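Notes follow once the structure below has been shown.
Number of protein chains: 2
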Amino acid sequence: MRIEIDPRAPTPPSEQIADQVRLAVAGGRLTPGERLPSVRGLATQALVNPNTVARAYRELEREGTVQTRPGSGVYVARGAPGRCRKAARGVLAERLGRAALDALAAGLSPQEIEQLVARSLRSAAEEVL
Amino acid sequence: MRIEIDPRAPTPPSEQIADQVRLAVAGGRLTPGERLPSVRGLATQALVNPNTVARAYRELEREGTVQTRPGSGVYVARGAPGRCRKAARGVLAERLGRAALDALAAGLSPQEIEQLVARSLRSAAEEVL
DNA sequence: GTGACCGTACTAGTCCGATAGGACGGTTCC
DNA sequence: GGAACCGTCCTATCGGACTAGTACGGTCAC
Numbered sequence: 003m004r005i006e007i008d009p010r011a012p013t014p015p016s017e018q019i020a021d022q023v024r025l026a027v028a029g030g031r032l033t034p035g036e037r038l039p040s041v042r043g044l045a046t047q048a049l050v051n052p053n054t055v056a057r058a059y060r061e062l063e064r065e066g067t068v069q070t071r072p073g074s075g076v077y078v079a080r081g082a083p084g085r086c087r088k089a090a091r092g093v094l095a096e097r098l099g100r101a102a103l104d105a106l107a108a109g110l111s112p113q114e115i116e117q118l119v120a121r122s123l124r125s126a127a128e129e130v131l
Numbered sequence: 003m004r005i006e007i008d009p010r011a012p013t014p015p016s017e018q019i020a021d022q023v024r025l026a027v028a029g030g031r032l033t034p035g036e037r038l039p040s041v042r043g044l045a046t047q048a049l050v051n052p053n054t055v056a057r058a059y060r061e062l063e064r065e066g067t068v069q070t071r072p073g074s075g076v077y078v079a080r081g082a083p084g085r086c087r088k089a090a091r092g093v094l095a096e097r098l099g100r101a102a103l104d105a106l107a108a109g110l111s112p113q114e115i116e117q118l119v120a121r122s123l124r125s126a127a128e129e130v131l
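Protein chains in written order, with my numbering: chain A, 3 to 131; chain B, 3 to 131.
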């Protein structure tokens with residue numbers, strides 16, 4: 003479980019951590035019952051404060067994505083993948099929709115926009131290889 | 003020139019203003035020589051502080067999108083549409099690319115992603131009508 | 001010239017999130 | 001039992017961005 007933080011991004015670090023965990027769960031790279039990195043460990047690795055990681059975990063627990071076992075660690079909850087996948091679909095549809103709207107506002111044609119997406123997908127697919 | 007601010011968005015209000023002006027210039031809804039809303043007027047309309055609008059205008063001036071005529075107002079610069087269109091294309095390609103990557107990470111298939119985009123474009127096109 | 005605008009500049013204050021550091025109790029394993 | 005973890009909680013502090021209020025000089029129409 004590798005998590006990268008971009009300190010210059012407009013979204014706060016704790017949100018970035020939570021988002022990456024959600025995506026990993028939705029994508030099956032974190033499975034139910036699996037243990038997340040410890041608060042201190044992840045804080046050291048991602049160069050943020052332990053409190054910041056703790057806040058992200060608290061948020062994930064609140065929404066039911068993870069379950070913390072006091073004194074032991076934080077674990078992916080049962081049923082989390084389905085929920086995360088559904089939520090991710092909604093969020094991404096929203097993001098893609100906004101981007102598409104902005105692209106239209108900027109004067110790009112629908113054809114150009116679909117081409118941009120197709121190209122992104124191809125290069126992303128290559129990156130995964 | 004209508005500008006909407008979402009106070010809950012992660013991007014600061016001044017950035018939102020600058021972004022919307024750039025998109026409007028790129029899309030031809032603001033043309034070279036046209037005058038932007040006054041700092042005070044836009045601040046009142048968008049429910050933000052005049053300083054916040056002034057900061058956005060200063061940023062736009064720095065990058066050459068607008069030109070301020072002291073005592074008179076702020077005007078869209080010559081050559082701005084081309085530059086904005088080019089910049090918008092880059093930014094949007096980046097945004098779409100990130101969203102596509104995240105969607106892949108969340109376990110969506112490329113086909114599903116293209117469908118999502120196509121659907122967004124259709125609904126966006128209807129909205130414009 | 002006068003008044004109504006315009007953008008700019010400045011200082012001070014507020015708010016929110018991240019950071020820092022320490023203390024606490026629970027769990028796991030030897 | 002004891003050491004080494006674990007997550008949690010708390011208080012204090014810092015920094016960035018927005019807000020608030022005021023003052024200044026330039027432009028424009030009458």
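Backbone N, C-alpha and C define an ideal beta-carbon position, used for all residues, glycine too.
If you're wondering where the values come from, they're calculated on a predicted model, not measured in any experiment.
query                                                                                                                              : result
Reduced DSSP secondary structure (H/G/I, E/B, other) of R124 (chain A)                                                             : helix
Contacting positions in the region 80-105 of chain B - beta carbon closer than 8 Å to chain A                                      : C86, R87, A90, R91, L94, A95, R97, L98, G99, A101, A102, L103, D104, A105
Cβ pair G30 (chain A), P83 (chain A) closer than 9 Å                                                                               : yes
In DSSP terms, what Q69 (chain B) is bridged to                                                                                    : B:Y77
Beta-carbon contacts of I7 (chain B) that lie in its chain and below 8 Å, excluding the five residues immediately before and after : P15, Q18, I19, A48, L49, V50
Touching by the beta-carbon criterion (3+ pairs, under 8 Å), the region 98-117 of chain B and the region 57-71 of chain B          : no
Euclidean distance between Cα positions of L44 (chain A) and G73 (chain B)                                                         : 54 Å
Residue environment, T13 (chain A), which counts as buried when at least 16 other CB atoms sit within 10 Å                         : exposed
Own chain, CB closer than 6 Å to V41 (chain A), minus 5 neighbours either side, in chain order                                     : P52, V55, A56
Contacts of G30 (chain A) in chain B (Cβ-Cβ under 8 Å)                                                                             : G109
Cβ pair A105 (chain B), A90 (chain A) closer than 9 Å                                                                              : yes
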